[in-house]
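Each residue of the sequence shown is one higher than the one before, starting from 1025 at the first, in my numbering.
Think of the CB as a built atom: it goes at the ideal place given N, C-alpha and C, for glycine as much as any other residue.
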Amino acid sequence: MGGNVLWKVGLAMMVGQTIGAYFGSHMVVKGGSKLIRPMIVLVCLAMLTKYVFG
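Next comes the structure, spelled out in C-alpha cells:
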C-alpha cells in the first residue's frame, strides 16, 4: 500500500458501517437492554474464543 488510500475499500467500509449503525440503533430502540445485553455477552465470548484459540 505504501501510504496510498484504497478508496474502493474505504467506501465499502463506510456503506457497511452506515447500514450497520442504522439497523443497530433501531434494534436498540425496539429491543432495549433485553436484546443488547445478550448480544454484548455473545460478542465478548466470540472475541475471547478467537484470542484464546486463534
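So residue i and residue j are in contact, right, with Cβ under 8 Å, and what is the actual spacing, rounded?
{"i": "Val-1067", "j": "Ile-1060", "result": "With a Cβ gap of about 10 Å, Val-1067 and Ile-1060 do not count as contacting."}
So what's residue i in DSSP terms, helix, strand or just coil?
{"i": "Val-1029", "result": "coil"}
{"i": "Gly-1044", "result": "helix"}
{"i": "Gly-1056", "result": "coil"}
{"i": "Gly-1034", "result": "helix"}
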